[in-house]
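Each residue of the sequence shown is one higher than the last, beginning at 5 in the numbering used here.
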Amino acid sequence: MAYEYAKTILYAYPHLSALAEAVGQSAENKAMLSFRSGGDALTLAEEIAAALATKSRLLSLKEAADGAIGACGEEERFLLEYKYFRRKRELKKYGGAQFACSERSYFRHQAALLKKMAFLLSVRGWTEEAFLKAFCDFSPFLRALKWLAAGRERALVAHRRRRGIAFRHTSGSD
């Protein structure tokens with residue numbers, strides 16, 4: 005499955021605004037404290053410009069992800085919220101979710117939804133190549149990609165205390 009970049013975007017989605025703000029604040033701090041820099045002015049200016057460009061790309065990615073998520077139905081948004089975003093306040097809006105299929109079918113729905121999100125992101129210009137080109141030097145995304153490629157997806161998210169979803173028990177396959 006070659007959708008690690010889409011998973012990275014989905015796991016980072018709830019934090020994209022905060023990441024962009026932090027990168028922008030870092031650039032501003034670097035500019036304000038430039039008199040303390042031991043390096044030359046050109047190198048410092050390039051670093052500040054690179055940070056501001058990363059902030060711009062993060063905001064662009066957030067906008068594209070907003071559009072892709074907005075194109076999903078309510079059940080798909082719940083599945084995204086449950087697996088990737090894990091915002092308790094948002095999950096409460098769905099109440100005690102009873103998923104109308106078996107647990108096995110749930111995983112099929114999640115796999116299909118990941119493919120759909122990768123497609124919706126690519127339509128908005130965020131293909132795997134574009135993502136890697138835009139964030140080839142952004143360590144949070146590189147670390148997440150490395151963990152996903154190594155099969156350590158559970159290292160990216162906090163463990164749940166209890167399952168927030170229930171499945172319909174069926175005797176046959178869905």
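Even glycine gets a Cβ: it sits at the ideal position worked out from N, Cα and C. Keep in mind the model is a prediction, meaning the values are calculated, not measured.
Contact check, residue i vs residue j, beta carbons under 8 angstroms
{"i": "Leu20", "j": "Ala68", "result": "no"}
{"i": "Gln114", "j": "Lys87", "result": "yes"}
{"i": "Ala31", "j": "Ala55", "result": "yes"}
{"i": "Glu85", "j": "Glu79", "result": "no"}
{"i": "Leu152", "j": "Lys11", "result": "yes"}
{"i": "Leu117", "j": "Leu83", "result": "yes"}
{"i": "Arg90", "j": "Ala138", "result": "no"}
{"i": "Leu136", "j": "Glu8", "result": "no"}
{"i": "Ala72", "j": "Arg112", "result": "no"}
{"i": "Ala35", "j": "Ile52", "result": "yes"}
Extent of the continuous alpha helix (DSSP H) to which residue i belongs
{"i": "Tyr86", "result": "Careful: Tyr86 lies outside any alpha helix (DSSP H) and carries neither H nor E."}
{"i": "Arg40", "result": "Run containing Arg40: none; DSSP gives neither H nor E here."}
{"i": "Glu133", "result": "132 to 138"}
{"i": "Leu152", "result": "143 to 153"}
{"i": "His113", "result": "107 to 127"}
{"i": "Leu14", "result": "8 to 16"}
Fill in: Stretch pair the segment 61 to 78 + the segment 22 to 32: three plus CB contacts closer than 8 angstroms
yes
Discussion item. Is it the case that the segment 129 to 149 contacts the segment 9 to 17, given that we only count it when at least three CB pairs across the two stretches are under 8 angstroms?
Written reply: When C-beta atoms of the segment 9 to 17 are compared with those of the segment 129 to 149, three or more pairs fall below 8 angstroms, so the two segments count as touching.
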